[in-house]
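Numbering (numbering that gives the first Met the number 0), first residue to last: 0 to 109.
Notes for the one structure printed next.
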Amino acid sequence: MIGQGVWSQDDVDDHFRDLAELMRNVRSAGRPVRILSDVTSSSRQSVEIEARILQHHERLYESGDRIALLVSPSEKSHVVSLLGKADVATFSSRIAAEMWLMTPDLAKPA
């Protein structure tokens, strides 16, 4: 997935509705959920939109899912602070994100 620009609440809700359907299909096929979301070209979202995104994260993601967010280096600490204890990892390197997604025994980076 690639996120760009500033998002509206409808954009966020539409995105996560589509993602939920995809995740249901993956789970029903017995496959693990692995998502790489590239938001390096996105703008910092409003506090309300960030909160809405986190609500969707809490609703959709289950234990064992691996969600990697690819963020710009300047936004990484902000995104990490938003996520708190969420089981989502942030990366500035696409290669590192892909490696973490593909290697089940790699721990989530700090």
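Built from N, CA and C at the ideal position, the CB exists for glycine as well.
Values in this document were obtained by computation on a predicted structure and should not be read as measured data.
For residue i, the residue or residues it bridges with in DSSP
i     : result
ILE66 : ILE34 and VAL87
ILE1  : ASP37
Residue i to residue j span [Cα, whole Å]
i     : j      : result
GLU47 : LEU53  : 10 Å
VAL5  : ALA95  : 26 Å
SER42 : GLN3   : 7 Å
GLY29 : ASP12  : 26 Å
GLN8  : SER80  : 21 Å
GLU61 : ASP10  : 23 Å
ILE34 : HIS14  : 13 Å
SER40 : ALA106 : 27 Å
ARG51 : ARG93  : 25 Å
GLU49 : GLY63  : 23 Å
Residue i and residue j closer than 9 Å at C-beta
i      : j     : result
PRO103 : THR89 : no
SER45  : SER71 : no
MET22  : LEU82 : no
VAL25  : PRO31 : yes
VAL87  : HIS55 : no
SER36  : ILE1  : yes
Taking 8 Å as the cut-off, does the segment 96-109 touch the segment 64-73 (at least 3 CB pairs, one atom from each stretch)? Yes, they touch.
Spell out a yes or no on whether the segment 14-28 and the segment 69-80 are touching, meaning 3 or more CB-CB pairs, one atom from each, closer than 8 Å. By the Cβ rule, the segment 14-28 does not count as touching the segment 69-80, because fewer than three pairs are nearer than 8 Å.
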